[in-house]
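K.L.:
Protein chains: 6
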Amino acid sequence: MPYVNIKITNEGATKEQKAELIKGVTELLQRVLNKNPQTTVVVIDEVETDNWGIGGESVTNRRLQGK
Amino acid sequence: MPYVNIKITNEGATKEQKAELIKGVTELLQRVLNKNPQTTVVVIDEVETDNWGIGGESVTNRRLQGK
Amino acid sequence: MPYVNIKITNEGATKEQKAELIKGVTELLQRVLNKNPQTTVVVIDEVETDNWGIGGESVTNRRLQGK
Amino acid sequence: MPYVNIKITNEGATKEQKAELIKGVTELLQRVLNKNPQTTVVVIDEVETDNWGIGGESVTNRRLQGK
Amino acid sequence: MPYVNIKITNEGATKEQKAELIKGVTELLQRVLNKNPQTTVVVIDEVETDNWGIGGESVTNRRLQGK
Amino acid sequence: MPYVNIKITNEGATKEQKAELIKGVTELLQRVLNKNPQTTVVVIDEVETDNWGIGGESVTNRRLQGK
């Protein structure tokens, strides 16, 4: 019954990589807390780099500076 | 003053259906908890089926298997 | 498979009222979008009035002013 | 280490305005709570007006009525 | 830079189990998407069973029925 | 109409500091995007240090190591 939300920047994660995240986090919750995988929900949000900030700057600007 | 976030897979909900969800959940909060509808905020997120997992698999893969 | 998060201020909603919100929003998603109620997840967050702001003030301060 | 999520309607915020929000909220957390800006994360979600409700109606419908 | 939110019912997860979830999901993001673990943020919410619904009922009520 | 969620660790933010965050972020959205402060909603979540992870460890463990 757990609900997991993963937010990453939108920088080319493939369908296969996202399927691997879903499988991995569902297994982790089963292994650590014995949660039923059938009702574990995972939602992945891919966020534009203009809309993600860290260190007071957008990721877009950080990438331009080579950070 | 409540805030409601509804997440569904992006599979063709119409503008009218989304308006009905907004109206319905706002009325529910007014009826059950006497919340002021004027300040009830509802945000609907439509999530790609590649990005939604249940049972350890993406909804895209489940649809391909007829689940 | 929908996921719904309802945030309200922590001002005495009863167990019965919360059960009614869960039932009501699950039925709404079934009626409007034909979503399977068995996999609809609802999470209610009750937030302290010091931690909820509207109009630039906390709800605690608004209540003191009779708003 | 704070995490901030800002949700606004998708009505033309520019890249520069979003950078200003990121900078402003990061500085606010540093000033008020002495939080380290280097690990403050900000995510901005721009939500379609069909998917945002207030007062029981979508913002799309409110705009049509001149609200 | 990813942000992960894990929501589970408040039913006795230990400090050690929560540390294992944090470690596990951080490693998963590093392995699958090469994300920097130093800036991966994980937040775990433990939700009262009265406030978590599935199948239109609270988890509290489901537990009473032996579901 | 914006909605802002601020998550911080539960390490003693006062009522006054939280009121200052609410005021500050509401003013920021008015200044940068001309958003109406009367309908700007801010929710602050204070998260236990056992439940917040960064760098693959809980904040509780990091504090013990003097990080």
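Note that the protein sequences, when read in sequence, are chains Y, U, V, W, H and S. Here this note's numbering is used: the first residue of the first sequence is 1, the next is one more, and so on. Here this note's numbering is used: the first residue of the second sequence is 68, the next is one more, and so on. Here this note's numbering is used: the first residue of the third sequence is 135, the next is one more, and so on. Here this note's numbering is used: the first residue of the fourth sequence is 202, the next is one more, and so on. Here this note's numbering is used: the first residue of the fifth sequence is 269, the next is one more, and so on. Here this note's numbering is used: the first residue of the sixth sequence is 336, the next is one more, and so on. For every residue, glycine included, the Cβ atom is placed at its ideal position computed from N, Cα and C.
1. Just the Cα atoms here: how many angstroms apart are S/N386 and W/G267?
2. Measure the alpha-carbon distance for S/K342 versus V/E150 and round it to whole angstroms.
3. Any idea what DSSP makes of H/M286, helix, strand or coil?
4. With the cut-off set at 8 Å, would you say Y/V42 and Y/V59 are in Cβ contact?
5. Any beta carbon from chain S within less than 8 Å of H/V311's own beta carbon?
6. Helix, strand or coil, according to DSSP, for Y/E46 in the structure here?
7. Buried or exposed for U/L131, going by 16 or more other Cβ atoms inside 10 Å?
8. Measuring alpha carbon to alpha carbon, tell me which residue in U/E87, U/E113 and U/E115 is nearest V/Q164.
9. Residues of chain S with CB under 8 Å from V/K141, in chain order?
10. Leaving out the 5 sequence neighbours to the left and right, which residues in its chain are closer than 8 Å to H/T317 when beta-carbon positions are compared?
11. Please classify S/N340 as buried or exposed, where buried requires at least 16 other C-beta atoms within 10 Å of its C-beta.
12. If we cut at 8 Å on Cβ distances, does S/P337 have a partner in chain C?
13. Would you say V/N168 lies against chain S (beta-carbon separation less than 8 Å)?
14. Any idea which residues DSSP pairs V/E191 with across the strands?
15. If Y/G55 sits next to W/P203, beta carbons under 8 Å apart, how far is it from one beta carbon to the other, in whole angstroms?
16. Below 6 Å CB to CB, which residues in the same chain sit around V/K169 once its five sequence neighbours on both sides are set aside?
17. Quick one: residues in its chain with C-beta nearer than 8 Å to the C-beta of W/I223, no 5 flanking neighbours on either side, listed in chain order?
18. Indicate whether at least one CB of chain V lies closer than 8 Å to the CB of H/E314.
19. Going by DSSP in three states, H/K291 sits in which element: helix, strand or coil?
20. Go ahead and pull the three-state DSSP assignment for V/T173.
21. Out of W/V233, W/T215, W/A214 and W/E228, state which residue places its alpha-carbon closest to the alpha-carbon of S/T349.
22. Would S/T374 pass as a contact of U/T107 if the rule is Cβ separation under 8 Å?
23. Return the first residue and the last residue of the beta strand (DSSP E) that Y/N5 is part of.
24. Which residues in chain U sit within 8 Å of Y/I22, going by Cβ to Cβ distance?
25. Check whether the Cβ of W/N262 lies closer than 8 Å to any Cβ atom in chain U.
26. Applying a beta-carbon distance threshold of less than 9 Å, which residues of chain H neighbour V/T160?
27. For S/G388, which residues from the same chain have a beta carbon less than 6 Å from its beta carbon, with the 5 sequence-adjacent residues on both sides left out?
28. Where does V/Q164 sit, in a helix, a strand or coil, going by DSSP?
29. Pull up the distance between the alpha-carbon of W/E247 and that of Y/V47, whole angstroms please.
30. How about H/T317: is its C-beta nearer than 8 Å to some C-beta of chain Y?
31. If you draw a straight line from the C-alpha of S/K353 to the C-alpha of V/E161, how long is it?
P.N.:
If we stick to the structure as given:
1. 45 Å
2. 29 Å
3. A quick correction: the sequence has Lys, not Met, at residue 286 of chain H. Looking at H/K286 - three-state DSSP - the assignment turns out to be helix.
4. no
5. yes
6. strand
7. exposed
8. U/E87
9. V378
10. T277, N278, E279, S326, V327, T328 and R331
11. buried
12. Among the protein chains of the structure shown, namely Y, U, V, W, H and S, there is no chain C.
13. no
14. V/I188
15. So it is not a contact: roughly 12 Å between Cβ atoms.
16. P136 and L163
17. V243 and I245
18. no
19. helix
20. helix
21. W/V233
22. no
23. Y3 to T9
24. G120, G123, E124 and S125
25. yes
26. G321, I322, G323, G324 and E325
27. none
28. helix
29. 10 Å
30. no
31. 37 Å
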